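Asks:
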Amino acid sequence: MKSLILIFALVSASVFGNNTDPAILGSVTGVVMDQQFQEPIPYASISVKNAEGEIVTGTVSSEDGTFSLEKLKEGTYTFQVQFMGYKTYTEEVVISDKKKDFQMGEIFLEADVAQLDDVTVVAERSTIEQRIDRKIINVGKDLTTQGPTASDIMNNIPSVSVDQDGNIALRGSQNVKVLVDGKPSNMDASTLLKTIPSTSIKKIELITNPSAKYDPEGMSGIINIVLHKNTNLGFNGDASGGVTIGERNSWNGSLNMNYRKGKFNFYTNLGANDRKNLLDGHIVNLTDGSGEYHDLLFGNRSYLGKFGVDFYLNERNTLSFFTRQNKFYEDFDGTVDVRYPNEPDRNYSQLFDTDQENISSTYNFVFLHDFEKEGHNLGLEVDYNEYTNEEDAFYSYTGNAVASPYQDDLVKDRYNTVANLDYVNPFSEKSKLELGAEARLLRIRNDYESTSEFINSSLYDYHRNIYSFYSTFGQDFGKWAYQVGARLENYDVEAIEEEAVIYEDDYLTVYPSAFVTYVPGEKNSFQVSYSRRVDRPSFGQVNPVRQFSTPRLTIVGNPELQPEFTNSYELNYTRKFGRNSLTAGVFYRRTTDDITQTMAIDPQDEENIILTFANAGDNDLYGLELSANLNPYRFWDLNASFNLYNNTLSGYIGTEYVEDENTNLRVQVNNTFKVTDRFRLQLFGMYNSPNSTLQFDIEESYFFNAGARYSFWEDRASVSLNVNDIFDTMSQDISTTRPLPQEGSFMPDTQTIYAGFSYRFGGGKNKALQRKQRDDNTARGGMF
Numbered sequence: 005m006k007s008l009i010l011i012f013a014l015v016s017a018s019v020f021g022n023n024t025d026p027a028i029l030g031s032v033t034g035v036v037m038d039q040q041f042q043e044p045i046p047y048a049s050i051s052v053k054n055a056e057g058e059i060v061t062g063t064v065s066s067e068d069g070t071f072s073l074e075k076l077k078e079g080t081y082t083f084q085v086q087f088m089g090y091k092t093y094t095e096e097v098v099i100s101d102k103k104k105d106f107q108m109g110e111i112f113l114e115a116d117v118a119q120l121d122d123v124t125v126v127a128e129r130s131t132i133e134q135r136i137d138r139k140i141i142n143v144g145k146d147l148t149t150q151g152p153t154a155s156d157i158m159n160n161i162p163s164v165s166v167d168q169d170g171n172i173a174l175r176g177s178q179n180v181k182v183l184v185d186g187k188p189s190n191m192d193a194s195t196l197l198k199t200i201p202s203t204s205i206k207k208i209e210l211i212t213n214p215s216a217k218y219d220p221e222g223m224s225g226i227i228n229i230v231l232h233k234n235t236n237l238g239f240n241g242d243a244s245g246g247v248t249i250g251e252r253n254s255w256n257g258s259l260n261m262n263y264r265k266g267k268f269n270f271y272t273n274l275g276a277n278d279r280k281n282l283l284d285g286h287i288v289n290l291t292d293g294s295g296e297y298h299d300l301l302f303g304n305r306s307y308l309g310k311f312g313v314d315f316y317l318n319e320r321n322t323l324s325f326f327t328r329q330n331k332f333y334e335d336f337d338g339t340v341d342v343r344y345p346n347e348p349d350r351n352y353s354q355l356f357d358t359d360q361e362n363i364s365s366t367y368n369f370v371f372l373h374d375f376e377k378e379g380h381n382l383g384l385e386v387d388y389n390e391y392t393n394e395e396d397a398f399y400s401y402t403g404n405a406v407a408s409p410y411q412d413d414l415v416k417d418r419y420n421t422v423a424n425l426d427y428v429n430p431f432s433e434k435s436k437l438e439l440g441a442e443a444r445l446l447r448i449r450n451d452y453e454s455t456s457e458f459i460n461s462s463l464y465d466y467h468r469n470i471y472s473f474y475s476t477f478g479q480d481f482g483k484w485a486y487q488v489g490a491r492l493e494n495y496d497v498e499a500i501e502e503e504a505v506i507y508e509d510d511y512l513t514v515y516p517s518a519f520v521t522y523v524p525g526e527k528n529s530f531q532v533s534y535s536r537r538v539d540r541p542s543f544g545q546v547n548p549v550r551q552f553s554t555p556r557l558t559i560v561g562n563p564e565l566q567p568e569f570t571n572s573y574e575l576n577y578t579r580k581f582g583r584n585s586l587t588a589g590v591f592y593r594r595t596t597d598d599i600t601q602t603m604a605i606d607p608q609d610e611e612n613i614i615l616t617f618a619n620a621g622d623n624d625l626y627g628l629e630l631s632a633n634l635n636p637y638r639f640w641d642l643n644a645s646f647n648l649y650n651n652t653l654s655g656y657i658g659t660e661y662v663e664d665e666n667t668n669l670r671v672q673v674n675n676t677f678k679v680t681d682r683f684r685l686q687l688f689g690m691y692n693s694p695n696s697t698l699q700f701d702i703e704e705s706y707f708f709n710a711g712a713r714y715s716f717w718e719d720r721a722s723v724s725l726n727v728n729d730i731f732d733t734m735s736q737d738i739s740t741t742r743p744l745p746q747e748g749s750f751m752p753d754t755q756t757i758y759a760g761f762s763y764r765f766g767g768g769k770n771k772a773l774q775r776k777q778r779d780d781n782t783a784r785g786g787m788f
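Given below as structure tokens:
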């Protein structure tokens, strides 16, 4: 490790000393803007052509709309800016001794307007954008991505699914990392999604094969939820809210505000939601017909506040700070009836009454220094999060239950600190080096007490330290580009129960990555990529303290779980034709020591099932993905995705060695119809075929949603109406033969009507801001 640190220091020193630039004959810089909304346009195509019409050089605008073209030789050129749905901007540029550098300032692109039967139709940017390393869903422009919370809208996102328990999966795998504004949270993903109002979300990013620059956890990829923030000059903001009508009614709302003047940019994001959900279901033992019948009510209230400031010390140095505060209350009430059809005198019921209070606080600090050379910068970021969960649960019984009423009290504290240093040096327009170091420190304490004579109280501590170094290097050769990188991580973990160490591990691992792209022309692009990733057990998976219990099911963790590792390979192709685009991809993942849920008979009670986690074996997953953004007619936009996965599974369930092969098909189609320039209709459908794990068979599921939106007050305000799960088909049916033949069915409260309102206020001219966001960086032009 000392040798590694020394090498890292020497390389950094040599890089910092390289500050000489070759002579530059001429340059063109500027910012690409939307004329109507006064917003930057990212990834617009910028080209410079000679007198013969041949492209001399080109690039794409960055996320804040800025671009820079350098090393233009003396001559007369045609400068063009193009973006789908906008008119092409053209201007003549003459590079000479009299004028070498052209500062174009803000280039406003005008929307492409067409006349159709006296109705003005304005082309819009697609709600789904395919970038070089990720897929971006712009939530604010998609009716199907409106609902009370982030959890409600995830099933409408391509390649993403959420089950009835709120567990999120990407490409059929729950081994996924969920970030908010590029930052991890101490909350588990299912809880986190329920705390974020959907109206607070700006966009959702899907990164299926991250490079070595990113944290390697989350083997099927990263889902990054980006909350609203802008940098418009003056005072700007928007307010949104809505109500959901179902078996139980809910509401949600958010307020986003921004004030930019001089060297300061202040912003805030406030959100709240109040939601209640019903879940009816049953699990039946097919041997004797006995079963559990669930009638459960989940309620939660969430309050979210984010406050931040950017301070521009000068042209080269920026300080940024934000804090995100989240308070989340959850109550869980209901009844579980245990029935014995052949022996009705044994029937009894268990009654739940559970209350939770959760507080999460995040504090983030960023310093960014830009060197003289374009793109040459150094960034320091420190992120601290603390999370407290207090839970009180009371269990009582009626009928012929042998257990007595009892109470559980749980206090869970988590402290997570992440500090990283990132350095970027573009040696030239065609090559770039990135170096970084990161430390992640996690401390968890779980204090559990119970009044039950059959359950032991427990104090459980979990400590984890991860130290990382990474480096990536890439070059661009016109049509071809590549990037290679590696991340070295030292992982140290210790689990302590009642002051005794019950598990510890310490190991060093390398995570390489490689990307190659080929762009033969403006309409076609190819990419092949590889990365090695890891899924380390979560706290809930290793926590030996009982986490949940019904009369015949108990959930506990396994402190001896080992991490699972995945080698991931992808090949993607994108084809653009006019206003339409098609993306096709194939992928393969090989996972060792696959972590999975297992069920076993409780040795102390043959009628009770223990659900825990184990390293079941190996998993081979390969699949095909197709997605299309189509505009069949001027009034009709179509987004569709087709995902086909095949799993080859093997491993031990208890002492039994099991092999299984599973094929899963998932299809999503989203149609938007432009009735007028202000009125939109939308239809969405999703189908998920039957699939299986080593222990469970899961039946097919499907649902249909419909929505409408009307804009008014010069497009500053809009009202929307969504009908979700129109035919009430979103049930979840499962069956298993291990350890007992059982089948179950659960029906969540998904048939709802959502009515929402949004209003955008303030005004001001947008001024670009480049703020360091470690996990929110996107590739810019070619590989860079």
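Counting from 1, position 357 in the sequence shown corresponds to residue 361 in this note's numbering; the numbering is continuous, with no gaps. Even glycine gets a Cβ: it sits at the ideal position worked out from N, Cα and C. All values derive from a computational prediction rather than experimental measurement.
Taking V662 as part of the beta strand (DSSP E), name the residues at either end of that continuous run.
Replies: Working through the sequence shown from its first residue, we reach residue 662 at position 658. V662 -> beta strand (DSSP E) spans E660 to K678.
Asks: May I have a chain-ordered list of the beta strand (DSSP E) segments no shorter than 3 residues that lie completely inside the segment 352–431?
Replies: Whole beta strand (DSSP E) segments, 3+ residues: 352–374 and 381–403.
Asks: Can you list, in chain order, the residues of its chain with a C-beta nearer than 6 Å to that of T402? Leave out the 5 residues immediately preceding and following it.
Replies: Taking the first residue of the sequence shown as 1, we reach residue 402 at position 398. Same-chain partners within the cutoff: S353.
Asks: Given that a residue counts as buried once 16 or more other Cβ atoms are within 10 Å of its Cβ, and exposed if not, what is I99?
Replies: As a working note, residue 99 is residue 95 in the sequence shown. Classification of I99: buried, given that the 10 Å Cβ count is 16 or more.
Asks: Assign A620 to one of two classes, buried (16 or more other C-beta atoms within 10 Å of its C-beta) or exposed (fewer than that).
Replies: Within the sequence shown, numbered from 1, the residue matching residue 620 stands at position 616. By the 10 Å Cβ count, A620 comes out buried.
Asks: Just confirm the distance between the C-beta atoms of E502 and S462, as a whole number of angstroms; I'd bet it's less than 8 Å.
Replies: As a working mapping, residue 502 is identified with position 498 in the sequence shown. As a working mapping, residue 462 is identified with position 458 in the sequence shown. Right, their Cβ atoms sit about 7 Å apart.
Asks: Going by beta-carbon coordinates alone, are R328 and N304 separated by less than 7 Å?
Replies: Stepping through the sequence shown from its first residue, residue 328 is reached at position 324. Stepping through the sequence shown from its first residue, residue 304 is reached at position 300. Not closer than 7 Å, so no.
Asks: Looking only at DSSP bridge pairs, what is T733 linked to?
Replies: Your numbering for residue 733 matches position 729 in the sequence shown. Per DSSP, none; premise fails for T733.
Asks: Apply the 10 Å Cβ neighbour rule to F519 and answer buried if 16 or more other Cβ atoms are within range, or exposed otherwise.
Replies: Locating residue 519 in the sequence shown gives position 515, counting from the first residue. Answer is buried; the Cβ neighbour count reaches 16.
Asks: Assign V560 to one of three DSSP states: helix, strand, or coil.
Replies: Position 556 of the sequence shown, counted from the first residue, corresponds to residue 560. In this structure, V560 counts as coil in the three-state DSSP scheme.
Asks: If you reduce the DSSP assignment to three classes, tell me which class D341 lands in.
Replies: Here residue 341 refers to the residue found at position 337 when the sequence shown is read from its first residue. If DSSP states are grouped into helix, strand and coil, D341 belongs with the strands.
Asks: Please classify S762: is it buried, with 16 or more other beta-carbons within 10 angstroms of its beta-carbon, or exposed?
Replies: Stepping through the sequence shown from its first residue, residue 762 is reached at position 758. Burial call: buried.
Asks: Do the CB positions of I141 and I208 come within less than 7 Å of each other?
Replies: On the sequence shown, position 137 is the one that residue 141 refers to. On the sequence shown, position 204 is the one that residue 208 refers to. Contact: yes.
Asks: Which value, in whole angstroms, describes the spacing of the CA atoms of E526 and W484?
Replies: Taking the first residue of the sequence shown as position 1, residue 526 is located at position 522. Taking the first residue of the sequence shown as position 1, residue 484 is located at position 480. Rounded to the nearest angstrom, the two C-alpha atoms are 13 Å apart.
Asks: Tell me the DSSP secondary structure of P348 in three-state form.
Replies: Taking the sequence shown and counting its residues from 1, one reaches residue 348 at position 344. Helix, per DSSP.
Asks: Please name the residue, chosen from A405, G34 and Q86, that lies closest to S51 on a Cα-to-Cα basis.
Replies: What you label residue 51 is simply residue 47 of the sequence shown in a count that begins at 1. Comparing Cα positions, the closest option is Q86.
Asks: Thinking C-alpha only, which one of L725, Y592, I614 and V180 is nearest L628?
Replies: For the purposes of this step, residue 628 is taken as residue 624 along the sequence shown, with counting starting at 1. Of L725, Y592, I614 and V180, the residue nearest in Cα terms is Y592.
Asks: Starting from F325, follow its DSSP beta bridges and name the residues at the other end.
Replies: Position 321 of the sequence shown, counted from the first residue, corresponds to residue 325. V313 and F369, per the DSSP bridge assignment.
Asks: Locate the alpha helix (DSSP H) running through V546, then write down its first and last residues.
Replies: Taking the sequence shown and counting its residues from 1, the one referred to as residue 546 is at position 542. Its alpha helix (DSSP H) spans residues F543 to V546.
Asks: Look up A443 in the DSSP assignment and give the residues it is bridged to.
Replies: For the purposes of this step, residue 443 is taken as the residue at position 439 of the sequence shown. Answer is A423 and Y471.
Asks: Closest to Q360 by CA distance: which of P345, N381 and F336 is it?
Replies: If you number the sequence shown from 1, residue 360 lands on position 356. That would be F336, whose Cα lies nearest to the Cα of Q360.
Asks: Between the C-alpha atoms of L437 and Y427, what's the straight-line distance to the nearest angstrom?
Replies: Here residue 437 is taken as the residue at index 433 of the sequence shown, counted from 1. Here residue 427 is taken as the residue at index 423 of the sequence shown, counted from 1. In a straight line, the C-alpha of L437 is about 8 Å away from that of Y427.
Asks: Could I get the ranges of all uninterrupted alpha helix (DSSP H) runs contained in the segment 691–724, with 4 residues as the minimum, in chain order?
Replies: DSSP runs (the alpha helix (DSSP H)) wholly in the segment 691–724: none.
Asks: Just how far apart, CA to CA, sit E114 and T94?
Replies: Mapped onto the sequence shown, residue 114 falls at position 110. Mapped onto the sequence shown, residue 94 falls at position 90. Roughly 12 Å separates the two Cα atoms.
Asks: Rounded to a whole number of angstroms, what is the C-alpha to C-alpha distance between S163 and N547?
Replies: In the sequence shown, counting from the first residue as 1, residue 163 sits at position 159. In the sequence shown, counting from the first residue as 1, residue 547 sits at position 543. Spanning the two alpha carbons is a distance of roughly 30 Å.
Asks: Please classify P636 as buried or exposed, where buried requires at least 16 other C-beta atoms within 10 Å of its C-beta.
Replies: To locate residue 636, count along the sequence shown from 1; it is residue 632. By the 10 Å Cβ count, P636 comes out exposed.
Asks: Suppose only complete runs of 4+ residues qualify. What are the alpha helix (DSSP H) ranges in the segment 241–312, listed by chain order?
Replies: Counting whole runs of 4 or more residues, the segment 241–312 contains no alpha helix (DSSP H) stretch at all.
Asks: Between D451 and D417, what straight-line distance do the alpha-carbon atoms span, to the nearest angstrom?
Replies: By 1-based counting over the sequence shown, the position of residue 451 is 447. By 1-based counting over the sequence shown, the position of residue 417 is 413. Their Cα atoms are separated by approximately 9 Å.
Asks: With C-beta atoms as the reference, is I154 less than 7 Å away from I226?
Replies: To locate residue 154, count along the sequence shown from 1; it is residue 150. To locate residue 226, count along the sequence shown from 1; it is residue 222. Sequence check: residue 154 is Ala here, not Ile. Not closer than 7 Å, so no.
Asks: Could you compute how far the alpha carbon of L414 sits from the alpha carbon of V505?
Replies: As a position in the sequence shown, residue 414 is number 410, starting the count at 1. As a position in the sequence shown, residue 505 is number 501, starting the count at 1. Rounded to whole angstroms, L414 to V505 spans 21 Å at the Cα level.
Asks: Any idea what DSSP makes of A485, helix, strand or coil?
Replies: Here the question's residue 485 lines up with position 481 in the sequence shown. If DSSP states are grouped into helix, strand and coil, A485 belongs with the strands.
Asks: Got a sec? Which residues, its chain only, sit under 8 Å from D349 by beta carbon, not counting five neighbours each side?
Replies: On the sequence shown, residue 349 is found 345 positions in, with the first residue counted as 1. For D349, where only same-chain residues beyond five positions count, the Cβ hits under 8 Å are N404.
Asks: Grouping DSSP H, G and I as helix and E and B as strand, with all else coil, what is L615?
Replies: Here residue 615 refers to the residue found at position 611 when the sequence shown is read from its first residue. L615: strand per DSSP, three-state reduction.
Asks: Just the C-alpha distance for N368 and R550, rounded to the nearest angstrom, thanks.
Replies: The sequence position of residue 368 within the sequence shown is 364, counting from 1. The sequence position of residue 550 within the sequence shown is 546, counting from 1. Those two C-alpha atoms are separated by around 34 Å.
Asks: Taking its Cβ as the centre, do 16 or more other Cβ atoms sit within 10 Å of I59, making it buried, or is it exposed?
Replies: Against the sequence shown, residue 59 aligns to sequence position 55. Flag for I59 reads exposed.
Asks: Between L687 and the rest of its own chain, which residues show a CB-CB distance below 6 Å, the 5 nearest in sequence each way excluded?
Replies: For this step, residue 687 is matched to residue 683 along the sequence shown. N675 and A710.
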